[in-house]
Every structure is written in C-alpha cells, then in structure tokens.
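In the order they appear, the protein sequences are chains A and B.
Convert by adding 67 to the 1-based position in the first sequence; the result is the number in this note's numbering.
Convert by adding 1346 to the 1-based position in the second sequence; the result is the number in this note's numbering.
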Amino acid sequence: MNIRDSRINYFHSKYSHVYIEKEASQYPLTLKILKSLPQSNIIMIDHYKDVFSRDRQSYDRQSKSQNLILAVKKHPYLYKGSPLCHSFGYDNFFYTSTILNCPYGCSYCFLKGMVPSGNLVIFVNYEDFFSSVAQHLNRHPVYLSLSYDTDLMALEPLLGYGEKWFWFSYEKPNLTIELRTKSTQINFLKSQPVHPRLLLGWTLSPQSVIDTFEKGAPSLKMRIEAIRTVILMGYRVRLCFDPLLYFPGWENAYKEMIDEVFNGLSSNEISDISIGAFRMPKDYLKRFRRSSDDLISSFPYVVKKGIAAYPHEIEIQLIETIRSHLLHYIEPSKIFTLHK
Amino acid sequence: MVLIQCQTRKEAQPIIRYFRLMYDSSFKSYPVYSKQEMALIISGAGAFCACSASSYLLSRYEEQIKNLLYIHIGLAGSFDTSFETGEMVIGNKVTSTLGKSGYYPDLLMKTHLKEAHIVSLNNFPSKVTPDLIDAVYDIGAYGFSESAFSFLGPHQIIVAKIISSPYKERHPLPSFATDELLFNKLEYLDLLIHKYFLDRDSCLSLQQSTAELLKLHRHLVEHLKLSETLSIELKKHLSWSFKAHLHHDSVTQSLKQVDRIVEETLHSRVLSKKEGIREYKRLKDQLLSF
C-alpha cells in the first residue's frame, strides 16, 4: 500500500477518541460505552464544552472522523418545541437532547449551524431526564420529541436509549414520545409489546438526495423496509418529507420516491405525513455556510422574520408539487404542511 | 503553508536539515528558516517565549490563516515506562501545572504514533507527581498552545514530542543522539503534513473556478451598474447556479453553463441604473431556474 496514495482515507475511524467529563466517568452508561469501544483513545476533560465549544472547529472535517464526548447534563432537561417544527396539534410539545449532534452527516442539517463541533455529545445521566419529564407529567400531559438534535435510533446499538425511553414512557398514559429517524435500527422494538403512545417517524428522501446530501444514512430501500417491519409489528408510522430541497431534477426525484414509498403501503398504516421546505434560523446560516460550501449552503435564501428559506415561489412550488402527488395515495387530513 | 516551532536550535537543526530550509533574514525578532510553503521558528526556552514566538510567526502569515498547519515539535521527558527513548508521540491534551484548563488538538488523521497528555512545567521535575504519572512533560507546549489556539482551529495544530529522557534512563541523552532521534522520526511528521494537505487541497479544488465566477460577477456589476447590496446578492446567485450545474456537470462544463446564462445579459443595452435593475431581476430568475 502506498501511504501517499490520495485515494486512501486518511481519517481516523469513527469514535477513535472518547472525551470523558470527570463527573461522567463512573456512570454505568459511560462504562458500557467504553466496553464497546476498547480501541478508542480516552481523554479526560473537565467540562464537555472545553472540547465541544472550542473556537474555529471544522464541522465537516470532524464529521469525517467523529468522536464522542461523554458528559453530564445539567438543568434544563426539557425545552419547548420550536415554532419551526410541526407540533401535530399537541399543546405541550417539548423536546429533549440526551445527545447533541448526529451520527449522520446530512449536508442540509440545521445542526451544522447550531452547534460548533462535528463531534457527538452523549449525556450519560438519562435518569435525570426521566425525573424532569416526570415532574412535567405531574402538571400536564407531554408530547416529547426525543430525536430533535440527533438521530437517537441510529445510536441504539451503542447506547440503548430508545429502549430506555420506551420502558420509561410505556406505563405513563399522559406521555407521548416521538422517535424520528433515518436509521434501520429497529431491533429493540421486536422483543417488546406494541407501545400505544410511541410515534415512529421516518425522514425520507429520494435516493439521489441520500447519495449526495445524506452521508452515512441508510438507503431509501432500507428505510422503507424498516417502515414495513414496524407496521407489521402493529405501529402506525409518521412519514416526514422534510426538508424538501431544491436541486436540478427535484420534481421527478420526489415523485418517484413517493411512488416507491407507497408501493405496498396503504394509507391507513400511516398516521400522518409532514412536509416542509428547507428552512433555518437566520443566526445559524452564517456558521452553516462556513462549515460547507455546497448546493444547499450556497443558495441565496430569503430571510423573513429571522428565518432563512427558499423564495416564496420556490417554496410553494416544492410543497404543492409534493402535496398534490401525495394526495394520490393519502387523504388530505393526514398531511401537515409547514409554511415559513 | 506549514509552520513549525522549536524551542532550541538543537531541536531545530535536524528539522532544518530534513526539510532543507534556508535562513530567512526577513524575520528580525526570531531566527526563522523557510522554503516555499514552510517556515520554522526557534522560540527560545519557556512558556512566554513559545507564546510570543507563535504570535509573531502567525501575524506574518495572517492572510493564509485558514490554510495553515502549525506544528510544535521538540524533546520531552516522561515517567511513563510505556514510552521508549526516541519514540515520537503526539499530544491529544496539553495542560500546564499552573492549573488552567487544557487545550485539545483534533487528531483527525490516522497515524501509528502513540498519543499522550502533555504537561508543560516551569522546570524539570525532581519527583513524580500524580498529574505526571501517565503524561509526557515539556517546557513550551502550553505556551505555544495558548497562542496557536487563539488564531487557529484545533485541526490545524499538532504538538509532537520525542521522548529523550524516559524515567528508566534518568539522564537526558547527549546532543548527537537527540539529533539522530529527531531526524529519524521526521518521516512520520512529513506524512502527517502530506495527509493534511491532501485534505486541504480537496477542500480548495473549487477555488480556481471561484476566481472565474468573480471575474464574471465583476463584469456584470459594471455592466448593470448595480449597487453594493445587489452586487452581493448577484454573487450568491452566480455561485449557487454554478453549484447547481456542478450537480450533474464537470467544473468546466458548469462554468460554461453559467456563462451561457449571463451572456444575453452582458450583451443587453443598459443605459441607466433602472434598466440595470430590470435586467438583473430577469437574470436572477434565470440563475435560480434549471
């Protein structure tokens, strides 16, 4: 092997380095993670922000060799849902971040503008999150999104967080949890009873978008297969065509994807569908553009009320084209659309 | 551009020899040796010297700051018996006995080198303290990091140390031996530099085409008599249109496509700013459509 060969991947493999907050070092989950990663270099740190929040980090380079930071989260554990996201009619829409950042490197992800690092922060004190949710539940029902700042299910083999949240919420009748994913890690559901208040959502994109903009994420075929499997288990599934992207050939790509998705799925197996065009808080856009220079980041977005989005005509064109094609397969009451 | 920093001339000599660097008389405050794409500075011993020398060198290369790789290299000691004499290690954490928080260089590139926590001291230690048990100790790495991390990203910094006085030998090596030690290990460093630039070059591959687009942008702004605000907006549209074509075409083909779109506008008759804005709006829509 010629070590100077430019085709060789010179980056360390994923999780080659694990940074551990001193306070997090003795948590059972920390020990479990370290047991799964015996080859990794361990680096002790005082606070996760000493590594995660360093100035001038290269998000894209770090994503090529993503490392773990194990930390203990302090209050607050729950946040009010953003108006940029669908609340699906629930009043007490909250989200929680047991993990910061995502194992997938999607070019369009708002996380690139939100967080300063391409590394993953895992908060190992999940029981503190559970206590906080329990306090909220004493006052009102809660609709809780678990995969807001990450893809929790993609990390299931390493962390088992999906299963932990499953059992925590299973016997709490006023707690509905949503797990949104691009992954195919559904094994943890196979040995459990069907959870009546677990909403499983899949973000779907045309295969050409996956190839170009969703580095490391499973193919469309594999996602559809996972959806079929959980439907057979007895779940109803949410499909998310969000964010819709504007690129050469978008119209055919999205139409073909919808045809492929509904080939074999009937509308009563789908709980609902959310559609939304690409959007991002204006404040994130600068960092987002700094982290990459591609078709998504370089679009001349229009900023309105602090939100950067496609010009109105393009946004409407995207949403209406997809919506009208979806109507061939599903009733309009199940389609939730988010306009900026 | 690669910047290298050593504390002493003894540490610098084998590096100067390996990379064939020449004395650069344009630097007055510190001895600097350079060649195209590389410069080495000798800071002098101690945290303060390391800090001020790196600030000095970085200020000289301010315009290239985003594409720099800065390496601090030198000899170090260790009480950890797992490190052998002559072994090169790279720092994944740099701290000081003064107790301030640490610096963490990003070690993204694969290497066979061992990693170590580097602790900077004021003097050579006379006994093993708890923070030195598993660490490598030196004098200047922390001072260097204080300055380098103020200007550069963590992926642009490497702290490399060669173990010259491990615990079991007790005595530092004679100078002819350290010279050989350093020289023999520089190939590892050379490879790391090579990998860094392969990655950087892949990120910069679009820069030439950007220059072409900027030229086109300048012609359009002049021709359409655009204001500063519209000029900035046009730049974004041109850049995006180019990337949209790049989705399917090569760089050259994509540039041709953008050229084709703006050709009509460049040949249009524009006598006033008002006419320019009208033409610009038409062009903007064309650039955003496929």
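We put the CB at the ideal spot given by N, CA and C, even for glycine.
Query raised in the report: Roughly how many angstroms lie between the CA atoms of B:ASP1480 and B:SER1389, to the nearest whole one?
Result: As a working mapping, residue 1480 of chain B is identified with position 134 in the second sequence. As a working mapping, residue 1389 of chain B is identified with position 43 in the second sequence. B:ASP1480 and B:SER1389: Cα-Cα distance of roughly 27 Å.
Report task. Provide the residue(s) that pair with B:MET1434 in DSSP beta bridges, ordered along the chain. Result -> Position 88 of the second sequence, counting from 1, holds the residue named residue 1434 of chain B. Answer by DSSP bridge pairing, in chain order: B:ILE1508.
Query raised in the report: Do the stretch 226 to 242 of chain A and the stretch 268 to 280 of chain A make contact, defined as three or more Cβ pairs closer than 8 Å?
Result: no
**Report entry** Backbone CA spacing between B:PRO1476 and A:ASN76 [nearest angstrom]
**Finding:** Residue numbering aside, residue 1476 of chain B sits at position 130 when the second sequence is read from its first letter. Residue numbering aside, residue 76 of chain A sits at position 9 when the first sequence is read from its first letter. Near 38 Å, if we compare the C-alpha coordinates of A:ASN76 and B:PRO1476.
Query raised in the report: Terminal residues of the continuous alpha helix (DSSP H) containing A:ASP237?
Result: On the first sequence, residue 237 of chain A is found 170 positions in, with the first residue counted as 1. Checking the sequence shown, residue 237 of chain A turns out to be Tyr, not Asp. Unbroken alpha helix (DSSP H) run through A:TYR237: 228 to 237.
Query raised in the report: Does any CB atom of chain B fall closer than 7 Å to the CB of A:SER365?
Result: On the first sequence, position 298 is the one that residue 365 of chain A refers to. A:SER365 counts as touching chain B.
**Report entry** Nearest neighbour of A:LEU213, chosen from A:ASP309, A:ILE402, A:GLY148 and A:GLU323 [CA to CA]
**Finding:** Numbered from 1 along the first sequence, position 146 holds the residue referred to as residue 213 of chain A. When only C-alpha atoms are compared, the closest one is A:GLY148.
Query - Span of the beta strand (DSSP E), counted from its first residue to its last, around A:LYS371 - result: Within the first sequence, the letter at position 304 stands for residue 371 of chain A. Segment 369 to 371, the beta strand (DSSP E) holding A:LYS371.
**Report entry** CB contact check: A:VAL118 to chain B, cutoff 7 Å
**Finding:** Locating residue 118 of chain A in the first sequence gives position 51, counting from the first residue. Yes - at least one Cβ of chain B is within 7 Å of the one on A:VAL118.
Query raised in the report: A:PHE78 versus chain B: which residues are under 9 Å apart at the beta carbon?
Result: Here the question's residue 78 of chain A lines up with position 11 in the first sequence. Simply LEU1454, MET1455, LYS1456, LYS1541 and ASP1545.
Query - Integer-rounded CB distance, given that A:PHE190 should sit under 8 Å from A:LYS140 - result: Here residue 140 of chain A corresponds to residue number 73 of the first sequence, with the count starting at 1. Here residue 190 of chain A corresponds to residue number 123 of the first sequence, with the count starting at 1. With 8 Å as the limit, A:LYS140 and A:PHE190 qualify as a contact, their Cβ atoms being about 4 Å apart.
Requested in this report: For B:GLN1382, name the three-state secondary structure that DSSP assigns.
Outcome: Locating residue 1382 of chain B in the second sequence gives position 36, where the first residue counts as 1. Residue state, collapsed to three classes: coil.
Query - Min CB distance B:GLY1437 to chain A below 7 Å - result: What you label residue 1437 of chain B is simply residue 91 of the second sequence in a count that begins at 1. So, not an interface residue.
Requested in this report: Answer with buried or exposed for B:LYS1514, where buried requires no fewer than 16 other C-beta atoms within 10 angstroms of its C-beta.
Outcome: Mapped onto the second sequence, residue 1514 of chain B falls at position 168. Unreliable placement is indicated for B:LYS1514, whose pLDDT of 48 sits below 50; the coordinate value is still reported in the next sentence. It counts as exposed.
Query raised in the report: Hey, quick one: how far does the alpha helix (DSSP H) through A:ASN319 stretch, first residue to last?
Result: Your numbering for residue 319 of chain A matches position 252 in the first sequence. That run of the alpha helix (DSSP H) goes 317 to 329.
Requested in this report: Look at the Cβ atom of A:GLU88, then the Cβ atom of A:ILE110, and state whether they are nearer than 7 Å.
Outcome: What you label residue 88 of chain A is simply residue 21 of the first sequence in a count that begins at 1. What you label residue 110 of chain A is simply residue 43 of the first sequence in a count that begins at 1. Their beta carbons are not under 7 Å apart, which means A:GLU88 does not touch A:ILE110 by this criterion.
Query raised in the report: Is it right to say B:LYS1492 is buried, meaning 16 or more other beta carbons lie within 10 angstroms of its own, or is it exposed?
Result: Taking the first residue of the second sequence as position 1, residue 1492 of chain B is located at position 146. At residue 1492 of chain B the sequence reads Glu, which differs from the Lys that was named. Buried, because 16 or more other Cβ atoms sit within 10 Å of the Cβ of B:GLU1492.
Query raised in the report: Would you call the CB atoms of A:LYS81 and A:GLN133 closer than 7 Å?
Result: Start at 1 with the first residue of the first sequence, and residue 81 of chain A comes out as number 14. Start at 1 with the first residue of the first sequence, and residue 133 of chain A comes out as number 66. Yes, the Cβ-Cβ distance between A:LYS81 and A:GLN133 is below 7 Å.
Requested in this report: Please check if any C-beta of chain B sits within less than 7 Å of the C-beta of A:GLN124.
Outcome: Within the first sequence, the letter at position 57 stands for residue 124 of chain A. Chain B contact via Cβ: present.
**Report entry** Residues near B:LEU1538 in its chain [Cβ-Cβ closer than 7 Å; skip 5 each side]
**Finding:** Residue mapping note: residue 1538 of chain B aligns to position 192 of the second sequence, counting from 1. Closer than 7 Å at Cβ, skipping near neighbours: MET1455, THR1457 and ILE1504.
Report task. Kindly list, in the order they appear in chain A, the residues whose Cβ is closer than 8 Å to that of B:LEU1590. Result -> Residue 1590 of chain B sits at position 244 when you count from the first residue of the second sequence. The amino acid at residue 1590 of chain B is misidentified as Leu; the sequence shows Ala. Ordered by position in chain A, the residues that pass the 8 Å Cβ test against B:ALA1590 are PHE314, PRO315 and LEU362.
Query raised in the report: What residues in its chain sit with their C-beta under 7 Å from that of B:SER1585, if we drop five residues either side in the sequence?
Result: For this step, residue 1585 of chain B is matched to residue 239 along the second sequence. Correct list, in chain order: LEU1559.
Query raised in the report: Using the beta-carbon of each residue, which ones in chain B are nearer than 8 Å to A:ILE189?
Result: Looking up residue 189 of chain A in the first sequence gives position 122. The premise fails here: A:ILE189 is roughly 17 Å from chain B at the closest Cβ pair, so nothing lies under 8 Å.
Report task. Assign B:ASN1468 to one of two classes, buried (16 or more other C-beta atoms within 10 Å of its C-beta) or exposed (fewer than that). Result -> Along the second sequence, read from residue 1 onward, the residue named residue 1468 of chain B stands at position 122. With fewer than 16 Cβ atoms within 10 Å of its Cβ, B:ASN1468 is classed as exposed.
Query raised in the report: What is the rounded straight-line gap between the Cα of A:PHE255 and the Cα of B:VAL1567?
Result: Stepping through the first sequence from its first residue, residue 255 of chain A is reached at position 188. Stepping through the second sequence from its first residue, residue 1567 of chain B is reached at position 221. For A:PHE255 and B:VAL1567, the distance between alpha carbons rounds to 59 Å.
Query raised in the report: For A:ALA138, which three-state DSSP category applies?
Result: Indexing the first sequence from 1 puts residue 138 of chain A at position 71. In the structure shown, A:ALA138 sits in a strand (DSSP, three-state: E or B).
Query raised in the report: Between B:GLU1625 and the rest of its own chain, which residues show a CB-CB distance below 8 Å, the 5 nearest in sequence each way excluded?
Result: If you number the second sequence from 1, residue 1625 of chain B lands on position 279. Same-chain partners within the cutoff: LEU1570, THR1611, SER1614 and VAL1616.
Report task. Name the residue from B:LEU1453, B:THR1431 and B:VAL1465 whose alpha carbon lies nearest to the alpha carbon of B:SER1447. Result -> Here residue 1447 of chain B corresponds to residue number 101 of the second sequence, with the count starting at 1. Closest by alpha carbon: B:VAL1465.
Report task. For A:ILE110, decide whether its Cβ has a neighbour in chain B, counting only Cβ atoms nearer than 7 Å. Result -> By 1-based counting over the first sequence, the position of residue 110 of chain A is 43. Closer than 7 Å to some Cβ of chain B, the Cβ of A:ILE110 qualifies, so yes.
Query raised in the report: Opposite A:ASN108 in the DSSP bridges: which residues?
Result: Residue 108 of chain A sits at position 41 when you count from the first residue of the first sequence. Note: A:ASN108 sits in a beta bridge opposite A:HIS84.
Query raised in the report: Is the CB-CB distance between A:SER338 and A:ARG305 below 7 Å?
Result: As a working note, residue 338 of chain A is residue 271 in the first sequence. As a working note, residue 305 of chain A is residue 238 in the first sequence. Yes, the pair counts as a contact, with Cβ atoms nearer than the cut-off.
**Report entry** Residues that B:VAL1604 bridges to, as DSSP identifies them
**Finding:** Residue numbering aside, residue 1604 of chain B sits at position 258 when the second sequence is read from its first letter. Answer is none; B:VAL1604 lacks a bridge partner.
Query raised in the report: What did DSSP end up calling B:LYS1425 once you bin it into helix, strand or coil?
Result: Residue 1425 of chain B sits at position 79 when you count from the first residue of the second sequence. Checking the sequence shown, residue 1425 of chain B turns out to be Phe, not Lys. Note: B:PHE1425 maps to coil in three-state DSSP.
Requested in this report: Spatial neighbours of A:PRO315 within its chain, please: CB distance less than 7 Å, with the 5 preceding and 5 following residues excluded, ordered by chain position.
Outcome: On the first sequence, residue 315 of chain A is found 248 positions in, with the first residue counted as 1. Answer for A:PRO315: no residue qualifies.
Query raised in the report: Is the stretch 1356 to 1370 of chain B touching the stretch 1396 to 1415 of chain B, taking contact as three or more C-beta pairs under 8 Å?
Result: no
Requested in this report: Kindly identify the DSSP beta-bridge partner or partners of B:HIS1418.
Outcome: Residue mapping note: residue 1418 of chain B aligns to position 72 of the second sequence, counting from 1. Bridge partners of B:HIS1418: B:GLN1351 and B:VAL1505.
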